[in-house]
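Comments concern the structure below.
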Amino acid sequence: MSLDRCRSAALQRIEAQLTEASWEEEGIRAVLLVGVNRLRQLNLSHGYRRVDRLLEALAQRVEGFVSGKGIAERIGNADYLIVLQGIRNPGHARLALARLHALLSAVYAIDGETHHLSLAIGAALFDPAQAPADLESCLRRLERALLNARQTPEGYAFDGDRQTVEEGIIDWDLEHDLRQAADRGQLAMYYQPQQRLDDGRLHGVEALIRWRNGAQGFVRPDLFIPIAERSTLIEEITTWTLNAVMREMASRNGIGHVSINLSAQLLQRQDIVDDVRAALAIWGFDPARLVLEVTESAVISRLDQAVDTLQALRELGIGLSIDDFGTGYSTMTYLRRIPACELKIDRSFIANMTGQTMDAHIVKSLILMARGLQMRVVAEGVEDEETRALLRDMGCELIQGYLLARPMPLAELDGWLEDASGRQ
Ligand code: G
Ligand code: G
Ligand code: MN
């Protein structure tokens with residue numbers, strides 16, 4: 022039977038369960054949508070045969086879980102719709118969801134090798150005492166909940182759990198466009214130079230993504246990255262970014278260090294390590310030149326999950342940098358656990374350094390602290406000569422900011438570098 026006929030039969034069975042009158046005394050119904058994250062990536066790393074065996078094992082666990090409690094239907098390659106009966110109250114449903122997520126995420130042994138599946142579960146509750154559930158709207162609620170689930174640390178969410186549900190609808194079109202941006206050639210990397218203060222030479226560049234959208238013009242990353250972070254889109258954008266930057270920078274050895282911003286959400290899983298390793302190999306990029314930036318607040322808020330991934334990244338021979346430093350309330354104790362080699366002092370402190378002495382004191386202490394931790398320190402957002410001079414006096418090693426140059430496309434960077442070497 023073709024996939025769509027299978028699916029429509031499965032959906033009919035779900036609909037029958039939802040509208041079943043005999044359930045009325047049995048409490049509310051919970052409908053769950055289970056999805057495996059990064060299936061493509063799994064296929065890539067393990068091959069179809071092994072992934073099929075993994076999905077079979079997943080199917081067995083799903084069946085085991087619902088047995089006697091409801092029904093489960095496979096509606097996509099690795100997507101399941103589940104209806105649970107006899108749910109007493111929302112707390113009971115949440116408990117069931119947590120148990121299901123733990124069960125399906127537990128380690129799988131296939132041919133003596135162990136595997137993990139990363140999955141998200143979206144859920145919605147229906148009270149038969151209210152209006153009967155309609156399948157279309159139910160599926161929409163589940164899809165939304167699943168999108169939200171992907172950005173929670175638990176990996177599951179109920180429809181209506183959070184504000185982002187509303188935002189999710191508003192942002193829908195932007196997300197849809199963003200999915201096609203890379204294929205349409207609308208994404209580009211811009212580069213902003215970093216200068217060494219001791220000898221004035223170029224230290225490297227920070228790569229910053231730009232999206233040129235036909236209808237909207239430039240869309241800023243602080244708008245679209247958070248939207249991408251709500252789904253697996255951030256993984257696709259990251260893969261695109263890593264490869265675009267390394268392709269453009271591999272032959273430009275003279276540029277030195279190249280920093281790429283990494284969404285801290287990716288640190289929850291080790292997949293990012295494979296992505297970085299793969300890109301380094303494809304482009305023959307020297308790992309010693311690569312620096313990945315993660316923001317302080319994002320790392321601290323999920324330190325336990327992040328530390329292992331950061332350590333694995335470090336083992337690739339690349340550098341790690343803590344971005345927007347000073348805004349995240351981290352203590353020395355936390356910092357010591359992060360295997361970073363660089364701190365970037367947030368530009369909000371740099372902006373007022375020359376006017377407000379308090380900010381100058383803060384910057385000074387951050388520089389000393391970085392030195393104590395044996396980390397390189399970068400001041401970002403340096404816009405004038407006076408600030409540069411002050412930072413040099415304070416022993417800051419590196420600066421970045423409009424004083425040197427704005428972020429610029431590759432073609433412009435080549436010209437800028439030529440001019441800069443002329444000035445040396
Ligand atoms: O110039 P600017 O508007 O590029 O950057 C705004 C914000 O977007 C910054 O906080 C920066 O760290 C983030 N950002 C820029 N490029 C990228 C990218 O390629 N990936 C991620 N995750 N964030 C980025
Ligand atoms: O969060 P992150 O540090 O990655 O952000 C980099 C952001 O800082 C980008 O949006 C970049 O365009 C911006 N930026 C770089 N230099 C300056 C500067 O001198 N002044 C200001 N206001 N912004 C800057
Ligand atoms: Mn940055």
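Mapping the sequence shown onto the numbering used here, position 218 (from 1) lands on 239, and the numbers just tick up by one. Cβ atoms here follow ideal geometry from the backbone N, Cα and C, with glycine treated the same way.
To the nearest angstrom, how far is it from the Cα of Gln172 to the Cα of Gly275? Gln172 and Gly275 have their C-alpha atoms roughly 39 Å apart.
So what does DSSP say about Ile388, is it helix, strand or coil? In this structure, Ile388 counts as helix in the three-state DSSP scheme.
Below 8 Å, can you find three or more Cβ-Cβ pairs linking the segment 222-235 to the segment 257-273? The segment 222-235 and the segment 257-273 touch, with no fewer than 3 CB-CB distances between them shorter than 8 Å.
Do you know whose CA, among Ser442, Arg413, Ser369, Gly416, lies nearest Asp345's CA? Among Ser442, Arg413, Ser369, Gly416, the Cα nearest to that of Asp345 is on Ser369.
Helix, strand or coil for Val87, going by three-state DSSP, please let me know. Val87 falls in the helix class under three-state DSSP.
Which two residues bound the contiguous alpha helix (DSSP H) that contains Ser322? Residues 317-322.
What first and last residue would you give for the beta strand (DSSP E) that runs through Glu377? Residue identity differs from the one stated: residue 377 is Gln in this sequence, not Glu. DSSP places Gln377 outside any beta strand (DSSP E), giving it a letter other than H or E.
Nonlocal neighbours in the same chain, by C-beta distance under 7 Å from Lys385, ignoring five residues either side: Within its own chain, the residues whose Cβ lies closer than 7 Å to the Cβ of Lys385, once the five positions on either side in sequence are excluded, are Met415, listed in chain order.
Look at Gln377 and Gln213 and say whether their C-beta atoms are less than 7 Å apart. Not a contact, by the Cβ cut-off of 7 Å.
Rounded to a whole number of angstroms, what is the C-alpha to C-alpha distance between Ala285 and Leu76? Rounded to the nearest angstrom, the two C-alpha atoms are 28 Å apart.
Extract the residue ranges of the alpha helix (DSSP H) inside the segment 168-234, only unbroken runs of 4 or more that lie entirely within it. Runs found: 185-191, 193-202.
Tell me which same chain residues have a C-beta within less than 6 Å of the C-beta of Ala391, skipping the five on either side of it? The answer, listed in chain order, is Leu364, Val398.
Going by C-alpha distance, which of Val55, Arg162, Asp296, Ser272 is nearest Ile258? Nearest of Val55, Arg162, Asp296, Ser272 to Ile258, Cα basis: Asp296.
Using a threshold of 6 Å, is the CB atom of Ile293 nearer than that to any non-hydrogen atom of ligand 1? For Ile293, the Cβ stays outside the 6 Å cut-off from all heavy atoms of ligand 1.
beta-carbon Asp367 near ligand 3 non-hydrogen atom, thresh 6 Å: No; taking the cut-off as 6 Å, the Cβ of Asp367 has no heavy atom of ligand 3 nearer than that.
Check Leu138 in the structure and name its three-state DSSP category. Residue state, collapsed to three classes: coil.
Selection from Glu418, Leu32, Tyr101 that minimises the alpha carbon distance to Glu401: When only C-alpha atoms are compared, the closest one is Glu418.
Please classify Arg310: is it buried, with 16 or more other beta-carbons within 10 angstroms of its beta-carbon, or exposed? Around the C-beta of Arg310, 16 or more other C-beta atoms lie within 10 Å, and the residue is accordingly described as buried.
Just the Cα atoms here: how many angstroms apart are Arg162 and Leu39? Taking the CA atoms as reference points, Arg162 sits about 14 Å from Leu39.
Please classify Ala271: does DSSP put it in a helix, a strand, or coil? In the structure shown, Ala271 falls within a coil segment according to DSSP collapsed to helix, strand and coil.
Under a criterion of Cβ closer than 5 Å to any non-hydrogen atom of ligand 3, which residues qualify, in chain order? Residues with a Cβ closer than 5 Å to any heavy atom of ligand 3, in chain order: Asn282, Glu314, Asp344.
Give me the Cα-Cα distance between Gln395 and Gly340, rounded to the nearest whole angstrom. Going by the C-alpha atoms only, they are around 13 Å apart.
Do Ser442 and ligand 1 come close, with the Cβ less than 6 Å from some heavy atom? No, ligand 1 has no heavy atom inside 6 Å of this Cβ.
In angstroms, rounded to a whole number, what distance separates the CA positions of Leu138 and Val128? The C-alpha of Val128 is placed about 8 Å away from the C-alpha of Leu138.
One or two residues paired with Val328 in a DSSP bridge: According to DSSP, residue pairing for Val328 in a beta bridge does not occur.
Just mark Gln216 as buried or exposed, buried being the case when its beta carbon has 16 or more other beta carbons within 10 Å. Per the 10 Å Cβ criterion, buried.
Is Val402 a contact residue of ligand 2, with contact defined as CB to any heavy atom under 6 Å? In the sequence under discussion, the amino acid at residue 402 is Gly, which differs from the Val named in the question. True, at least one ligand heavy atom lies under 6 Å from that Cβ.
Between which residues of its own chain and Ile131 is the CB-CB distance below 8 Å, once the five residues before and five after are set aside? Excluding sequence positions up to five before and after Ile131, its CB lies within less than 8 Å of the CB of Arg71, Arg74, Leu75, Ala78, all in the same chain and listed in chain order.
Assign Ala37 to one of two classes, buried (16 or more other C-beta atoms within 10 Å of its C-beta) or exposed (fewer than that). Ala37 comes out exposed.
Which term fits Tyr423, buried or exposed, when burial requires 16 or more other beta carbons within 10 angstroms of its beta carbon? Exposed is the call here.
Kindly indicate which residue of Val279, Ala170, Ser318 has the alpha-carbon position closest to the one of Thr253. Closest option to Thr253, Cα to Cα, is Ala170.
Going by DSSP, which residues form a beta bridge with Val55? In DSSP, Val55 forms a bridge with Tyr101, Ile142.
Taking C-beta to C-beta, are Ala333 and Trp304 nearer than 7 Å? Contact: no.
Rounded C-beta distance between Asn373 and Asp380? I'm assuming under 8 Å. With a beta-carbon spacing of about 5 Å, Asn373 and Asp380 fall inside the 8 Å limit used to define contacts.
Ordered along the chain, which non-local residues of its own chain (more than five positions away) have a Cβ less than 7 Å from that of Pro111? Counting only Cβ-Cβ distances below 7 Å, and skipping sequence neighbours, we find Leu146.
Buried or exposed (CB count within 10 angstroms, at least 16 for buried), Leu65: Counting Cβ neighbours within 10 Å, Leu65 comes out exposed, since fewer than 16 surround it.
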